[in-house]
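Report on the structure given below.
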Amino acid sequence: MKTKLCLLYGGKSAEHQVSLQTAKAVIQALDHEKFEIDPIYINTEGMWIKGEAITGPIESVKALEFSTGEMIAPNALSTSFVSTPSESEAGNGYDVIFPLLHGPNGEDGTVQGMLELLNLPYVGNGVLASAAGMDKVIMKNLFAQAGLEQVKYVWFIRSNWESNREAAYEKVEKELGYPCFVKPANLGSSVGISKCTNRNELETAFIEAFQFDRKVIIEEGITAREIEIGVLGNDDPECSVAGEIVPKKDFYDYKAKYEDGETALIIPAEISSDIYHQLSNTAIQAFKALDCSGLVRADFFVTNEGKVLINEVNTMPGFTPFSMFPLLWKHSGVEYPALIERLVELAQERHKDKQ
Ligand code: ATP
Ligand code: MG
Ligand code: MG
Ligand code: MG
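For the sequence shown, position 215 matches number 276 in this note's numbering, and the numbering has no gaps at all.
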């Protein structure tokens, strides 16, 4: 019998387009003899649109974007929403839901919470890990508590900043200085992030970041290599080889990630085994600090002195076959289709574990 997989893709966040690319790649890679795929497209207004079942690879992202189908309420995923759901009657017979969503309303625990209510197995991190990983302030506070080293940071809520902007800028200058990075607390793909080298840039950066979030984090800017590691598993997660990002410009911004293709990904990264051990140990500690499951991509800075600082974990990292996370696993011996299948297994394992 085929495994019935429901793909959720698109979404309301600024990372909508990225999700479409990923969905296309996942549909293309899946073994259609083993999997039946029900696609649900979430448009930029947040409407859920259920398309025809997909039984073979698709040609273009456009086909996904304009997928015509019936508009559904999210809880239509399950036929058993109102009663106590039992395993057998859950969710239109879906075996697993795969939320291929990045950013708020997808990677942040909201969709995961709904799937918990519906008692459906789903790929990736649960409510807590997703929510904690989406908010860079909460994530960094948890890392600090776990004793992980990171850059210095401060943060502001929009209303605090509005009531005394001067005080906010002074705090940044006093505690961090320049260069610093201003980021929306809840986002990804570098959307809304600016590097600042003076007060003028700082003011502009705050305004920009507050377009995307009511909370903004500012970090000390560091000159360091950027190294990433993939983590896969549930209670006993494993690490991939490490990969290095070498952006051609100032930093790894949205354009460098998705548009100009200029950034070099070096896999495996040329690092000593000592640094690799520090990175992989820290990645596992970070995974556990947020109580993650399924997968994360842990992003690090490694300074010239060989100091390892964790930057963040991404609970639903970029997932096209050319994205860092799948490439890291490919170099660790897990090809893209096998990686997807492993994630589906992990979802089922975690679901059983919870019962
Ligand atoms: P994604 O989720 O796609 O990895 P993101 O939006 O969560 O990205 P970050 O990874 O925090 O953003 O930052 C994006 C990029 O900005 C980093 O890859 C790095 O190039 C640069 N950067 C971020 N913070 C710092 C910092 N404190 N010092 C130096 N460079 C930084
Ligand atoms: Mg991120
Ligand atoms: Mg991200
Ligand atoms: Mg990152």
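Beta carbons: idealized from backbone N, C-alpha and C, even for Gly. Small disclaimer: the values here were computed from a predicted structure and weren't measured.
Residue i Cβ short of 6 angstroms to ligand 1 heavy atom set
i: residue 170; result: no
i: residue 76; result: no
i: residue 280; result: yes
i: residue 212; result: yes
i: residue 327; result: no
i: residue 313; result: yes
i: residue 242; result: yes
Nearest to residue i (by Cα), restricted to the options the options
i: residue 123; options: 156, 94, 84, 93; result: 84
i: residue 76; options: 351, 349, 315, 413; result: 315
i: residue 231; options: 259, 325, 333; result: 259
i: residue 302; options: 126, 359, 252; result: 359
i: residue 132; options: 347, 101, 273, 394; result: 101
i: residue 397; options: 342, 383, 407, 117; result: 383
i: residue 297; options: 393, 241, 344; result: 344
i: residue 88; options: 217, 196, 160; result: 160
i: residue 210; options: 375, 370, 340, 376; result: 370
i: residue 308; options: 290, 325, 300; result: 325
i: residue 227; options: 201, 263, 197; result: 263
heavy atom of ligand 6 below 6 angstroms from residue i C-beta
i: residue 360; result: This structure lacks ligand 6; its bound ligands are ligand 1, ligand 2, ligand 3 and ligand 4.
Where residue i sits in the DSSP three-state scheme
i: residue 94; result: coil
i: residue 344; result: helix
i: residue 80; result: helix
i: residue 68; result: strand
i: residue 255; result: strand
i: residue 373; result: strand
i: residue 360; result: strand
i: residue 226; result: helix
i: residue 217; result: strand
i: residue 266; result: helix
i: residue 188; result: helix
i: residue 242; result: strand
Proximity test, residue i beta-carbon vs ligand 4 heavy atom, cut-off 6 angstroms
i: residue 177; result: no
Cβ-heavy atom distance, residue i to ligand 2, below 6 angstroms
i: residue 373; result: yes
i: residue 291; result: no
i: residue 249; result: yes
Residue i, buried or exposed, once every other Cβ within 10 Å from all chains shown has been counted against 16
i: residue 416; result: exposed
i: residue 138; result: buried
i: residue 108; result: exposed
i: residue 181; result: buried
i: residue 233; result: buried
i: residue 169; result: buried
i: residue 405; result: buried
i: residue 178; result: exposed
Beta-carbon contacts of residue i that lie in its chain and below 7 angstroms, excluding the five residues immediately before and after
i: residue 400; result: 387, 390
i: residue 367; result: 336
i: residue 412; result: 182
i: residue 95; result: 63, 64
Close-in-space but distant-in-sequence residues of the same chain around residue i (CB under 6 angstroms, 5 per side omitted)
i: residue 103; result: 71, 72, 109
i: residue 143; result: Reliability of the predicted coordinates at residue 143 is poor, the pLDDT of 39 falling under 50, and the value obtained from them is presented with this limitation in mind. Answer for residue 143: no residue qualifies.
Neighbourhood of residue i by C-beta distance below 8 angstroms, restricted to the same chain and skipping five residues each side
i: residue 250; result: 75, 76, 79, 163, 164, 315, 318, 319, 379
i: residue 154; result: 65
C-beta neighbour in chain C for residue i, strict 7 angstroms
i: residue 131; result: As a matter of chain content, chain C is missing from the structure shown, which is built from one protein chain.
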